[in-house]
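Right, one structure below, let's go through it.
2 protein chains.
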Amino acid sequence: MAKAKLRPKKSSVSASKVAEVAGVSRSAVSRTFTDGASVSPETRAKVLAAAEKLGYHVNHLARGLIHHRSGIVCLIVAEMQTPFQASFVEAATRSLQDKGKVVMVLNTAGKPANVEAALRQTLNYRAEATVVVSGAPPRSLVETCIENGQRVILINRNDAIEGPQFVMIENEAAATEACFILRRAGCTRLAVVSSTAGTPSIVARETAFVDAAQAAGIEVLVNRAGPTGYASGAESARQLLAGANRPDGVFCVTDLLALGFLDAARIEFRLRIPEDLCVMGFDDIAAAGWLGYDLTTFRQPIAEIADHIAGMLEDEDGGPAQMHFPARVVWRRTVRP
Amino acid sequence: MAKAKLRPKKSSVSASKVAEVAGVSRSAVSRTFTDGASVSPETRAKVLAAAEKLGYHVNHLARGLIHHRSGIVCLIVAEMQTPFQASFVEAATRSLQDKGKVVMVLNTAGKPANVEAALRQTLNYRAEATVVVSGAPPRSLVETCIENGQRVILINRNDAIEGPQFVMIENEAAATEACFILRRAGCTRLAVVSSTAGTPSIVARETAFVDAAQAAGIEVLVNRAGPTGYASGAESARQLLAGANRPDGVFCVTDLLALGFLDAARIEFRLRIPEDLCVMGFDDIAAAGWLGYDLTTFRQPIAEIADHIAGMLEDEDGGPAQMHFPARVVWRRTVRP
DNA sequence: ACAGTTGTTGCACAGCAGTGCAAGTTTGTC
DNA sequence: GACAAACTTGCACTGCTGTGCAACAACTGT
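Sequence order for the protein chains is A and B. Per UniProt numbering, the very first residue in the first sequence carries number 1; after that it's consecutive. Per UniProt numbering, the very first residue in the second sequence carries number 1; after that it's consecutive.
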């Protein structure tokens, strides 16, 4: 029982301690760390010396309390280990940090119920903004967020809610273009490989592709073998390519699906790409550019989107309620030119 | 100028507003949202009703101010779009959220200088703990963090600093085993594909492999073509396989390197794997299990590590200063059994 | 030397929530 | 009905910082 201190909670050093050591008032300390405040060079120097000595760092929690701006931006995301989501989080954290924000990542772990909990955290921590990358947030909570002065940004959602801002990829235009490209490559039996996830992006791509094909008078096979991932893509290949009337042009709504599809097509069905079969993907994840794949796909301008989001938080009035970004074709070798 | 309100800063609703609406004291509101506090069922109900009506959410910033525990855990990470880092961040956020923590991700964007800035943010936001996944934090700042009562956890670093806790993968044991496995597969000309990044993990794997081979009397070619990634792996293959005395057993210190190496070996050099050449990787990223690769590699127990980290933050006294996790072989088809 | 200007500093309060303490209320028991 | 015990409730203070205001010092120009 020599050290009976049960909780060695070393309370972190505060401004008043610095003031004491520096021999000035607490206000002086505060002003030293506030841009544009009036402090004489001498006191400033004394404060900085004391702060350095004690290891003082302004408490942003307390600062946020006063300013009504915590500096925190929440990112609500699921499946963040997948290439596209991971790239997005990476880009977003970078852009937001550049603007002086700090990013809180709320992982919904795929369970829709957790989206609500995440949104609650967003309110608890008085985040300045919330970016919903995946999942469908309950409308009422979104409204609560906005009423509390929070910015809400929904990525690739087309809900008709008043209040939040939307950032959208032009999925329809891209899917339509995919159909055009495959037809121009001479494909006559088209298929779209989708997933059972049913997120707005995926549905939009799938639907637009089917619509475009039907407008051209071509019937399309739609296959959804499971969740959005490599394994489902491979499984779709097994289902689509085993039949008699196998497709010769396939649009996969996601690169991961496309890679699984490609591997199964080449390895299990010994098909030559693009001679026997043209394949297009979506997202342009890193693996799409690997030697073994060389996948023709669509690139989402992730960096631009991230910059745009960070920029939105800068101007008070908020900017447009909707912002659209194009997805551009990245030509590689899984489609005949 | 109809709406001259320049700043529509809707200040978020506070406990006193709820108290007013509910017709009780502010303390009652506070107690309603504090576990184990004494409130009668009636007042509790009144408070909850008012809170729901107003959309009240406890301000965790203010709460953290009193409790000296913000609930925030910082994750300092670089290159988080790469498969392994992304998986780690995913697992960590999940485990920490399960324990009631909230994760702040600080992206150092690869620049070592940013590690320092990130550590400062950690102090500014009074994080309860900081997990350094990548980058070498300045020793003095780490000490400041610890003096301020913060937990610091370094992943895969072997610095001799007193204070932080370490979580390590048994890189040496795995690399040694890799050497054994390749030799047992009949490989006689070994090489290790590494990177110029020079992070502790990579150096440890590389060094241990070379040591193990030398102990067995085999010389090893070491190749570092660039940063840790697919392209470098492919480039290493070009450099190593073009020579006369080409290796027949290669240990890549990272799966990404291995996949690049494999693709280049198969496509550009038309080598058969594992007949002509055995390849091992490290990390067991998702792509390692894809049909086209089927890479024999080592799995890092990411989920266990994440759980362990989250657990460490639960017990006051902190637990052991070092914790080691094994990396287990995942047998697939790039090595002869 | 004096009035006026400019710059610095400290006081005191605000912002939000948790909690010890004392006063108040209800319940229980004999 | 009296008294103790148990529970509720509000007050007032705490934690940490930013800032308006007033007091103060220094400096300028005449």
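Glycine included, every Cβ here is placed at the ideal spot set by N, Cα and C. Just so we're clear, the structure is a prediction, and the values are computed from it rather than from any experiment.
Neighbour flag for residue i against chain A, beta carbons, 8 Å
i      : result
B/E147 : yes
B/K104 : A quick correction: the sequence has Met, not Lys, at residue 104 of chain B. Yes, because at least one Cβ of chain A sits closer than 8 Å to the Cβ of B/M104.
B/T334 : no
B/I181 : no
B/R151 : no
B/M312 : no
B/Q214 : no
B/M323 : no
B/T228 : no
B/R224 : no
B/T188 : no
Per DSSP, the bridge partner or partners of residue i
i      : result
A/C179 : For A/C179, which the question treats as bridged, DSSP gives no partner whatsoever.
B/L75  : B/V105 and B/V131
B/Q322 : B/F166
A/A216 : Looking at the DSSP assignment, A/A216 forms no beta bridge with any residue, so it has no partner.
B/F251 : B/V192 and B/M280
B/R224 : B/S194
A/L154 : A/V132 and A/F166
B/V329 : B/F298
Residue-chain proximity (residue i, chain B), Cβ-Cβ < 8 Å
i      : result
A/L257 : no
A/E20  : no
A/E90  : yes
A/D283 : no
A/L291 : yes
A/D263 : yes
A/A287 : yes
A/S70  : yes
A/M280 : no
A/Q97  : yes
A/Q300 : no
A/M1   : Note that A/M1 scores 30 on pLDDT, short of 50, meaning its location in the model is unreliable; the coordinates nonetheless yield the value given after this. Taking Cβ atoms only, chain B never reaches closer than 8 Å to A/M1, which makes this a no.
A/A86  : yes
A/R139 : no
A/K5   : For A/K5, the predicted model reports a pLDDT of 32, less than 50, meaning its position is unreliable; a value from the coordinates is still stated below. Cβ-Cβ to chain B under 8 Å: no for A/K5.
A/T93  : yes
A/T296 : no
A/T254 : no
A/T130 : no
A/T176 : no
Residue burial classification, residue i (beta-carbon count within 10 angstroms, cutoff 16)
i                      : result
B/A4                   : Per-residue confidence for B/A4 stands at a pLDDT of 30, beneath the threshold of 50, marking its modelled position as unreliable; the derived number appears in the next sentence. Per the 10 Å Cβ criterion, exposed.
B/N245                 : exposed
A/I66                  : exposed
B/H60                  : buried
A/Q322                 : exposed
A/A100                 : Note that residue 100 of chain A is Gly in the sequence shown, not Ala. Exposed, by the Cβ-count rule.
B/F180                 : exposed
B/P112                 : exposed
B/K46                  : buried
B/W290                 : buried
A/R266                 : buried
B/S140                 : exposed
B/T130                 : buried
A/P247                 : buried
B/D263                 : buried
B/P138                 : exposed
residue 350 of chain B : Beyond the ends of chain B as shown, which are 1 and 337, falls residue 350 of chain B; an answer cannot be given.
A/Q214                 : exposed
Residue i beta carbon near the ligand MN (any heavy atom closer than 7 Å)
i     : result
B/N59 : Inclusion of the ligand MN in the displayed structure is not the case, the ligand content being empty and no account of it being possible.
(Q) What are the residues in the segment 161 to 172 of chain A lying within 7 Å of chain B by C-beta distance? (A) Listed by position along the chain: nothing, the set is empty.
(Q) Please identify, using Cβ separations under 8 Å, the residues of the segment 104 to 125 of chain B that lie next to chain A, in order along the chain. (A) Within the segment 104 to 125 of chain B, the residues whose Cβ lies closer than 8 Å to some Cβ of chain A are M104, V105, L106, N107, A109, R120, Q121, L123, N124 and Y125, listed in chain order.
Q: Return the residues of the segment 193 to 210 of chain A that lie within a Cβ-Cβ distance of less than 8 Å from chain B, sorted by chain order.
A: none
Q. Just by C-beta distance, which residues in the UniProt domain "HTH lacI-type" (13 to 67) of chain A are closer than 8 Å to chain B?
A. V13, G55, H57, V58, N59, H60, L61, A62, G64 and L65
Q) In the UniProt domain "HTH lacI-type" (13 to 67) of chain A, which residue ranges form an unbroken alpha helix (DSSP H) of at least 4 residues, counting only runs that do not cross its ends? A) 15 to 22, 26 to 32, 41 to 54 and 60 to 67
Q) Which ranges does the beta strand (DSSP E) cover as unbroken runs of at least 3 residues, wholly within the segment 287 to 320 of chain B, from first to last along the chain? A) Here the runs fully enclosed are 297 to 299.
Q: Note down, in chain order, all residues in the segment 232 to 247 of chain B with a beta-carbon under 8 Å from any beta-carbon belonging to chain A.
A: Of all residues in the segment 232 to 247 of chain B, only A234 come within less than 8 Å of chain A when Cβ atoms are compared, listed by chain position.
Q.
So if I threshold CB-CB distances at 8 Å, which residues from the segment 265 to 277 of chain A count as touching chain B?
A. If the cut-off is 8 Å between Cβ atoms, the segment 265 to 277 of chain A has R266, I267 and E268 near chain B.
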